[in-house]
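The next block holds one structure in the form of C-alpha cells; read it before the comments.
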C-alpha cells in the first residue's frame, strides 16, 4: 500500500514539474541585461532577443526607478545564434508539437542617460506571427555612475499602439523552454558592467 501511495505521489510531482506549453511564437529568449541582474556601468543600449522579429508597431520602453523614461526608440539588430537553443510548443491539429529555435532576433533600445541608481524596468509589447500578444517586463538594478541627459534630450511620450491589445492571450515573459532542459534558457555571457545579482 505504501508503495502504491509513493508511486502516485511521484506521478503527481512529475506532472507538476511539466512546464505549461507556450503556444505563441516570437517569445523572448533572453535579455541583456538579464532580469534581476545588476549593472555597474552605464550602458549605451539594452537588448532583447526574440525567437522571431517583433512586429513593426511593437512598443519598448525603459523607465528609471522614479518612473522617468530613458529610452530612445528601438531598432532591430542582426540575428545571432542563441547561447542555448530554445523550443516553443505549438498547437498543430490538436497536438502540441515542439519547434527548436537556434537564432535570436534582437531589439536594440538605446539608453539616453542614467539619472538614478536603483531598479530600472524594460517593458515590451508586440504581436507574434500566430496573432498572440508578446508582452512582459524585465527589471535590473543599476548601481553605476550617474550620467546627464544629452543637450537635445526629450523624454519619450509615445504609448503602445492599442492594436497590440486586440489580439489573443498574452504568453508569459521568457515563455520559451530550453531545448535540453525544462528550465528557461541561459542568458548570454554578460557584457562588462553586469553581474548576476538580484535587483529586487
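In our numbering, the protein residues as written are 3 to 202. Backbone N, C-alpha and C define an ideal beta-carbon position, used for all residues, glycine too.
If I follow the unbroken beta strand (DSSP E) through residue i, where does it start and stop?
i: residue 97; result: 97-112
i: residue 120; result: 120-129
i: residue 63; result: 61-65
Are the beta-carbon atoms of residue i and residue j separated by less than 9 Å?
i: residue 203; j: residue 48; result: Coverage of the chain is limited to positions 3 through 202, which leaves residue 203 absent and any answer about it impossible.
i: residue 118; j: residue 159; result: no
i: residue 66; j: residue 126; result: no
i: residue 73; j: residue 44; result: no
i: residue 140; j: residue 33; result: yes
i: residue 102; j: residue 85; result: no
Any idea what DSSP makes of residue i, helix, strand or coil?
i: residue 143; result: strand
i: residue 30; result: strand
i: residue 83; result: strand
i: residue 134; result: strand
i: residue 47; result: strand
i: residue 167; result: helix
i: residue 25; result: Here residue 25 scores only 46 on pLDDT, less than 50, and its place in the model should not be relied on; the value that follows carries that caveat. The answer is coil: DSSP assigns residue 25 none of H, G, I, E or B.
i: residue 58; result: coil
i: residue 41; result: strand
i: residue 160; result: coil
i: residue 74; result: coil
Do the region 123-142 and the region 48-57 meet, that is, are 3 or more Cβ pairs less than 8 Å apart? Yes: at least three Cβ pairs fall under 8 Å.
contact_flag[the region 74-84, the region 101-110] where n(CB pairs < 8 Å) is 3 or more: Yes: at least three Cβ pairs fall under 8 Å.
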